[in-house]
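Novice:
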Amino acid sequence: MSATDGAFAQWLSQAQIAEDRLTAEQRGLLQYAFAFRERCGDDYYSNRLLSHFLLHCDSGLKVAQIARLVGISRPTASHQQGISSKEAIQAAHHRMAGRPHGKLLPRYAGPIAEFILSHADATRYDILDFIERTWGVRVSTVALHHFCKKFGLDRATRAEAKASKPSADRAAAEPRVDEAAPSSQPVPLPPPPFCPRGRNTRERSS
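This is the structure in structure tokens:
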């Protein structure tokens, strides 16, 4: 066995993956993944690209196995499993830019709300880029989450408000009880002119 084959087997072993249980396609995939790792290194950005690929290529490997292969935690791998390629690259970009600085002020809420409402598909990293372009402030995703939740701009609050709007519109469209259409009973007509309204009887004289 060559040195490369030995290193590949050791890489699988530390990830608790039995090589003899892999299919031919999985073994070939992991050999190419190992070659990528050997060529590009195991820094944060290389691991991020590799983990994103392995998590989204339908390899049949378990999330925990992929996490051990690239050296990240199981919860981190699960989180990365639910993000798009755009978000993965944006996250790497923000990581490369260094530590966040500054803080979000209440006066930012209006412009941020306008940006969110006018960009329905915006990711949290798009919002962070907007904040940095507008005010020159870089903040963390955690700070953005708490800020949006405080001002009702988080996804859950917006979805709840959107779901409750149709019922409110429907209630406003329903007629009120006192505005309902009159019943179908006939309305009494006024008596014709010069018609005696009642029986006129003279009183008997005593």
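If you're matching positions, the sequence shown starts at 319 in this note's numbering and goes up one per residue. All C-beta atoms, glycine included, are put in the ideal place defined by N, C-alpha and C.
1) Can you check whether the CB of tyrosine 443 is closer than 8 Å to the CB of glutamate 405?
2) Taking C-beta to C-beta, are glutamine 398 and leucine 373 nearer than 8 Å?
3) Tell me whether leucine 423 is buried or exposed, calling it buried when 16 or more other Cβ atoms sit within 10 Å of its Cβ.
4) Taking contact to mean 3 or more Cβ pairs, one atom from each stretch, closer than 8 Å, check whether the region 336-347 and the region 376-390 are in contact.
5) Excluding five sequence neighbours on each side, which residues of the same chain lie with their C-beta closer than 7 Å to the C-beta of serine 396?
6) Just to confirm my understanding: we take cysteine 358, look at its own chain, exclude 5 residues before and 5 after, and list those with CB closer than 7 Å. What are they?
7) Would you mind sorting serine 403 into buried or exposed? The rule is 16 or more other CB atoms within 10 Å of its CB.
8) Mind reading off the beta-carbon distance from isoleucine 434 to alanine 427? Whole number of angstroms is fine, and I expect it under 8 Å.
9) Does arginine 386 come out as helix, strand or coil in the three-state DSSP assignment?
10) For alanine 325, which residues in the same chain have their Cβ closer than 6 Å to its Cβ, ignoring the five residues on either side in sequence?
11) Mind checking who histidine 419 pairs with in its DSSP beta bridge?
12) Only counting runs of 4 or more residues, tell me where the alpha helix (DSSP H) segments fall wholly within the region 331-363, in order along the chain.
13) Which residues in the same chain as threonine 341 place their Cβ atom closer than 8 Å to its Cβ, once the five residues preceding and following it in sequence are excluded?
14) To the nearest angstrom, how far is the alpha carbon of alanine 498 from that of glycine 470?
15) Would you mind working out which of Ile335, Arg339 and Ala353 sits nearest aspartate 323, comparing C-alpha positions?
16) To which residues of the same chain is valine 455 closer than 7 Å at the C-beta, ignoring the five residues directly before and after it?
17) Taking all protein chains shown into account, do 16 or more other C-beta atoms lie within 10 angstroms of the C-beta of alanine 351, making it buried, or fewer, making it exposed?
18) Using alpha carbons as the reference points, say which of Glu356, Arg413, Ile445 and Ala333 lies closest to arginine 392.
19) Answer with buried or exposed for histidine 437, where buried requires no fewer than 16 other C-beta atoms within 10 angstroms of its C-beta.
20) So what does DSSP say about glycine 400, is it helix, strand or coil?
Specialist: Looking at the atomic coordinates:
1) yes
2) yes
3) exposed
4) yes
5) Val381
6) Ser364
7) exposed
8) Not confirmed; about 10 Å, so no contact.
9) helix
10) none
11) Arg456
12) 342-358
13) Gly378
14) Legend: pLDDT at alanine 498 = 49, less than 50; position of this residue unreliable, no value from coordinates given.
15) Ala353
16) Gly420 and Ile449
17) buried
18) Ala333
19) exposed
20) coil
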